[in-house]
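See below for the structure under consideration.
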Amino acid sequence: MAPPRNRRPGFSKRAQYSIFASYLLGILGAVVGLLLLLISIFDPQGFAVLRTIGAEATAPVSKTLAEVGGATGNAGDNISAYFNAASKNAAMERELRSNRIEILEARALKQENERLKRLLDLDKEVPDAIGMARLISSTSSSSRRMATLGLGTTDGILIGQPVRAPEGLVGRVLEAGPTTARILLVSDSQNVTPVKRASDELPAFATGRADGTVDVRPINLGTNPFKGGDLLITSGSGGLYAPGIPVAVVIRKTDTGAIARILANAAKVSHVIVQPMFQAETVAAIKQEEIDRDDAEAEGGE
Amino acid sequence: MARPYRSRINRQPSQFRIKFIPSITVILGSMITALPLITDYPILPPIGLLVLLSWRLIRPGYWPVWAGFPLGMVDDLFSGQPFGSAAFLWSLVFLALETLDRRGVGRDYWQDWLIASLSIIFVLICGMLIIDFQSNLLRLEILVPQILLSILLYPFVTRLIGTIDNWRVSI
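Dropping the structure here:
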C-alpha cells in the first residue's frame, strides 16, 4: 500500500482545520460510545427497544432460514449413522431390552405419583406452556449468551418467563418484541439460576460461564459436597422457574463448588417451550382458592 | 446483447455506489448474527468488524475518523453486546489507525494483516471484559477459537471487499 495522500494539507488553513475537526469528532465518538456503554451497564434494559427493533427487522430472514436449517441441519448425522450400523444395531437391541424393563417400572411409578398428587390436589401447580417455537438466531459472535425466539408479545410472551426444552432449562425471556423475544440462556455469565441437587435437595446457585457450562456454588459456603454426575434441577426459589426442571450435570469439582454441563444445549434443541412464571402461577392459584373459600363461606352463611 | 447506449467518454462511476457501498457491506456484516446459527460458545467471527477493517486498510482516507461510532452503534443493535460497546471500541480502533496513517509510511499486505489481527484481538477481548471484568479476566481462553478464526478469515474478507471495491469504482 502506498502512503495515503492528503495527509499533509500544506498551508491551506481550511484543510488543516477539517483534519483537526475530524480528529475531534473521532475522539467525541469514542467518549459518547463510552457514555452509552456506561448507561447500558447501569441500566441494561435502557436500549432494549432499539435492540428489539433490530431483532424484528431481521426476524423474517432468520425465521425462513431457521426452517430450512432445521431440514438440512441433520444431514451430517444421517449420513454418519450408516457407518458402524451393525454394531450400533446390536448395542441398541441390548439397550432396548433393558429400557423396556425400566419403562414398565417408570409407568408404575407414574401411576403411583398421579394417585398421590390427586390426594394432595397438586395438579393445579403444574404450569402449562404459553407457546412453542424454534430458536431462530443467537449472539454467536459475542460472549453474551442470548438467543432469539420466534415468538413475541402478540403470542403472550412476557419478560421473565422461563424457557425450557424437553432436555431441560434453556433460559428466560429477557426482552420481548411483537414477534420476537430475546432469551437469556442459562450459560450467560449474567444469568444466575437457583438449583438444587436432585438426590438430596442441596441448594446451590448456577452461574453461566459462556461456554456451555455453569459454575455451581452451594448456598452453604465452606462445604463442597458435589461429585461428578450429580444432577442439578431448578429449586423453584426466586419464583421464576418451576421446581424440578433439569438444568445441568456436574462434570468436575472446583475449589468453591463445581462445574456442570448444561443439559439443554441451545445449539442442539430444535424447539423450546415458554412457560408462565412459576410464582405468578402460584399467586393466581392462591387467589383463586381464597375466592372459592369466600364463596363457600358466603353460601354457608345463608 | 441489447445494452442501452452509453457514452464512451467522460463516464462517471455511480455516486450511490461510491458513497454507500462500504457502509452497506459493514452493516450487512453486522447483521450476520441474524443467521440461524445457535452456538453455546462465542465462535462466529465479528464479520462487521472484519469488513470495516478491510475497507479501512484497503482504502485509507475513505472513512472519516468518526465513522467507527455510527457503524459500531449499528453493530451493537445486532451483536448482543451492551449497547455502546462496539461504538466505543471501534472508535478507539479508528483513532489508532488514523494515528498510524499519519506516520505516512507505506505498508505491505502482511503489515495490514498484523494491524487487523491486533485490532480484532483488542476488540474481542475488550468486548468480553466489558461484560464482566472480574470473572471474565480469568476466562479469556474461551475467546481463542473465535480470535483464531477471525484472524484466518480476514484475508478472505479482504479479497471479497477488494472485489466489491473494484465494482464500486468501475464505470
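Sequences listed follow chains A and B, in order. Mapping of the first sequence onto this note's numbering: residues 17 to 318, in sequence order. Mapping of the second sequence onto this note's numbering: residues -6 to 164, in sequence order. The beta-carbon is built from N, C-alpha and C at its ideal position, and this holds for glycine as well.
Which residue from the options puts its Cα closest to that of residue i?
i      : options                        : result
A:T68  : A:G228, A:L190, A:L247, A:G238 : A:L190
A:I173 : A:R161, A:G147, A:S153         : A:G147
B:S163 : B:E134, B:T26, B:G77, B:Q5     : B:Q5
B:V150 : B:L42, B:G61, B:I108, B:T32    : B:L42
A:Q188 : A:I43, A:S157, A:G224, A:S158  : Position check: residue 188 of chain A holds Arg in this sequence, whereas Gln was assumed. For the residues A:I43, A:S157, A:G224, A:S158, the minimum Cα distance to A:R188 belongs to A:G224.
B:R49  : B:S128, B:T18, B:L141          : B:T18
A:F294 : A:G252, A:V265, A:T270         : A:G252
A:V232 : A:L201, A:I278, A:I199, A:T195 : A:I278
B:P57  : B:L107, B:F87, B:I31, B:S23    : B:F87
A:L201 : A:V285, A:L120, A:I235         : A:V285
A:S203 : A:G168, A:N129, A:T229         : A:T229
A:T169 : A:E128, A:E72, A:D271          : A:E72
B:L107 : B:S143, B:G65, B:I31           : B:S143
B:F71  : A:A122, A:A75, A:R110          : A:A75
A:Q177 : A:L256, A:P234, A:I119, A:R213 : A:L256
B:L117 : B:R96, B:L141, B:Q8            : B:L141
To the nearest angstrom, how far is the alpha carbon of residue i from that of residue j?
i      : j      : result
A:K104 : A:N207 : 39 Å
A:R161 : B:W59  : 30 Å
A:T250 : A:Q291 : 14 Å
A:I307 : A:G260 : 29 Å
B:I51  : A:A197 : 38 Å
A:D139 : B:L46  : Residue confidence for A:D139 is low, a pLDDT of 49 falling below 50, so the modelled location carries little weight and cannot support an answer.
B:W83  : B:A89  : 10 Å
B:P38  : A:F63  : 24 Å
B:P29  : A:L165 : 11 Å
A:L40  : B:E91  : 12 Å
A:T155 : A:S78  : 13 Å
A:Q32  : B:L145 : 38 Å
A:S205 : B:A27  : 22 Å
A:A163 : A:I199 : 5 Å
A:S114 : A:G184 : 24 Å
B:R10  : B:Q104 : 28 Å
B:D69  : A:I152 : 19 Å
B:I157 : A:S157 : 24 Å
B:S16  : B:I114 : 22 Å
A:D144 : A:L218 : 27 Å
A:L52  : A:L237 : 37 Å
B:G22  : B:S0   : 35 Å
A:K269 : B:F13  : 54 Å
A:E141 : A:V48  : Residue placement at A:E141 is poorly supported in this model, since its pLDDT is 49, which falls under 50; the coordinates are not used for a value here.
A:I35  : A:G42  : 11 Å
A:E111 : A:F99  : 19 Å
A:L167 : A:R30  : 54 Å
A:R213 : A:K303 : 31 Å
A:R123 : A:V266 : 28 Å
A:R131 : A:E121 : 16 Å
Is it the case that the Cβ atoms of residue i and residue j are separated by a distance below 8 Å?
i      : j      : result
B:L122 : B:L130 : yes
A:S56  : B:G120 : no
B:I154 : B:V44  : yes
A:V288 : A:V211 : no
A:G273 : A:N240 : yes
B:I40  : B:I20  : no
A:L37  : B:L85  : Strictly speaking, residue 37 of chain A in this sequence is Ala, with Leu absent from that position. No, the Cβ-Cβ distance between A:A37 and B:L85 is not below 8 Å.
A:R150 : A:A82  : yes
A:A282 : A:V186 : yes
A:D227 : B:D125 : no
B:D94  : B:P53  : yes
A:A222 : A:A276 : yes
A:S215 : A:D171 : no
B:I36  : B:Q127 : no
B:A79  : B:G65  : yes
Name the one or two DSSP bridge partners that residue i has.
i      : result
A:D231 : A:T223, A:I275
A:A264 : A:L248, A:I278
B:I154 : Its beta-bridge partners do not exist; DSSP assigns none.
A:V290 : A:G147, A:V179
A:K269 : A:A274
Below 7 Å, is the gap between the Cβ of residue i and the nearest heavy atom of the ligand ATP?
i     : result
A:F36 : As presented, the structure is devoid of all ligands, the ligand ATP included, so that no description of it is given.
field: beta strand (DSSP E) runs contained entirely in the stretch 147 to 220 of chain A, provided each spans 3 or more residues
entry: DSSP runs (the beta strand (DSSP E)) wholly in the stretch 147 to 220 of chain A: 147 to 149, 151 to 154, 162 to 165, 178 to 181, 184 to 192, 197 to 201, 208 to 213.
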